[in-house]
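*Asks:* Numbering-wise, this note's numbering comes out as the position in the sequence shown, counting from 1, plus 56.
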Amino acid sequence: MPDKALLTFVLGGARSGKSSHAETLVTVYPAPWVYIATAQAYGDEMRERIALHRARRLDGWQTVEAPLDVADALAAVPEGRPVLLDCLTLWLSNHMLAEHEVETESHRLADVLSRPRGPWFVVSNEVGLGIVPDNALARKFRDAAGRLNQAVAAVSDSVVFMVAGLPMRVK
C-alpha cells in the first residue's frame, strides 16, 4: 500500500476518465473512503451526471457535499482517512457564480491541500488546451482554473494527466 499522507492530483479533459481513475486509486486503501463532492444539481443534466457518479462507486464511500467549503470539509476528515475531492473546476465555478474572491479561495484551498493528513486525491479539468474562449467570463474562468491547477500541482506529490481513459504520470 502506498504512503499514508500524500496528495495525488488527477486532471484531464471532459470525459477523459479522471474521476473513475481517481476512484480506483483511492480504493487501494481500506474503506471507509471520503468523497468530497463539489457539484450542485441545478438542472436535469447535472442531476444525471451526479447519479452516474454515485452509482459507479462501491460501498464504503462517505459522501460530503461541499460546493464551497472544501477546506473545511477536508479539515473535518479524520486523520489517515482516504479522500477523493471531485472536482476543483466545479468548486471554482461555484465560487465565481457566488461572486467570491476566487484568488483568495484558491490560495486557501492550495494551502490546505499542501498538508494532506492521509492519502488525498484531487480531480480537476484541464480547460486550457482548447481555443481561446470568445467571452470575458469564460476567459476569466479558464485563467482562474489554470492558476488553481498550477497551485495544486505544485503542492502535489503525484500528478496524473488523463487522456482517453489512459493515465500519464506527469509528476
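Backbone N, C-alpha and C define an ideal beta-carbon position, used for all residues, glycine too.
(1) Of all the options Val219, Asn181, Ser170 and Phe197, which has the alpha carbon lying nearest to the alpha carbon of Ala62?
(2) When the Cα atoms are used, what is the spatial distance from Thr64 to Ala127?
(3) Could you tell me whether the stretch 158-178 touches the stretch 139-149, where touching means 3 or more Cβ pairs closer than 8 Å?
(4) Apart from the five residues just before and just after Tyr85, which ones in its own chain have a Cβ nearer than 6 Å to its Cβ?
(5) Look at the alpha carbon of Leu108 and the alpha carbon of Asp190, and state the distance between them as a whole number of angstroms.
(6) For Pro88, count neighbouring C-beta atoms within 10 Å of its own C-beta (all shown protein chains included) and say buried if the count is 16 or more, exposed if not.
(7) In angstroms with no decimal places, state the Cα-to-Cα distance between Arg164 and Arg225.
(8) In angstroms with no decimal places, state the Cα-to-Cα distance between Thr119 and Glu155.
(9) Once DSSP output is grouped into helix, strand and coil, what is the label at Leu140?
(10) By Cβ distance below 7 Å, which residues in the same chain neighbour Thr288 in space, the five residues on each side in sequence not counted?
(11) Helix, strand or coil, according to DSSP, for Val120 in the structure here?
(12) Excluding the 5 residues flanking Ala131 on each side, which residues of the same chain have their C-beta closer than 8 Å to its C-beta?
(13) Relative to the C-alpha of Thr160, which residue among Pro172, Ala194 and Arg203 is closest?
(14) Go ahead and pull the three-state DSSP assignment for Arg225.
(15) When you compare the CB of Gly73 with every CB in chain B, is at least one pair closer than 8 Å?
(16) Tell me whether the beta-carbon of Lys227 lies closer than 8 Å to the beta-carbon of Ala209.
*Replies:* According to the structure data:
(1) The sequence position of residue 62 within the sequence shown is 6, counting from 1. Per the sequence shown, the amino acid found at residue 62 is Leu instead of Ala. Leu62 has its Cα closest to that of Ser170, out of Val219, Asn181, Ser170 and Phe197.
(2) Position 8 of the sequence shown, counting from 1, holds the residue named residue 64. Position 71 of the sequence shown, counting from 1, holds the residue named residue 127. Rounded to whole angstroms, the gap between the alpha carbons of Thr64 and Ala127 is 16 Å.
(3) Yes: the two stretches touch, three or more of their Cβ pairs being nearer than 8 Å.
(4) On the sequence shown, residue 85 is found 29 positions in, with the first residue counted as 1. Pro138 and Pro175, listed in sequence order.
(5) Position 52 of the sequence shown, counted from the first residue, corresponds to residue 108. Position 134 of the sequence shown, counted from the first residue, corresponds to residue 190. Between Leu108 and Asp190, the C-alpha separation is close to 31 Å.
(6) In the sequence shown, residue 88 corresponds to position 32, counting from 1. Of the residues assessed, Pro88 falls on the exposed side of the cut-off, its CB having fewer than 16 other CB atoms within 10 angstroms.
(7) The count along the sequence shown starts at 1 and reaches residue 164 at position 108. The count along the sequence shown starts at 1 and reaches residue 225 at position 169. Looking at the two C-alpha atoms, the distance is approximately 26 Å.
(8) Start at 1 with the first residue of the sequence shown, and residue 119 comes out as number 63. Start at 1 with the first residue of the sequence shown, and residue 155 comes out as number 99. The alpha-carbon atoms of Thr119 and Glu155 are separated by roughly 26 Å.
(9) Here residue 140 refers to the residue found at position 84 of the sequence shown. For Leu140, the three-state secondary structure derived from DSSP is strand.
(10) This structure cannot settle anything about residue 288, because the visible part of the chain is limited to 57 through 227.
(11) Here residue 120 corresponds to residue number 64 of the sequence shown, with the count starting at 1. It is a strand residue.
(12) Along the sequence shown, read from residue 1 onward, the residue named residue 131 stands at position 75. So the list reads Val168, once near-sequence residues are dropped.
(13) Reading the sequence shown from its first residue, position 104 is the one you call residue 160. Minimum Cα distance to Thr160 is reached at Arg203.
(14) The residue given as residue 225 occupies position 169 in the sequence shown. Strand, per DSSP.
(15) Of the protein chains in this structure there is only one, and it is not chain B.
(16) For the purposes of this step, residue 227 is taken as residue 171 along the sequence shown, with counting starting at 1. For the purposes of this step, residue 209 is taken as residue 153 along the sequence shown, with counting starting at 1. Yes, Cβ-Cβ distance for Lys227 and Ala209 is below 8 Å.
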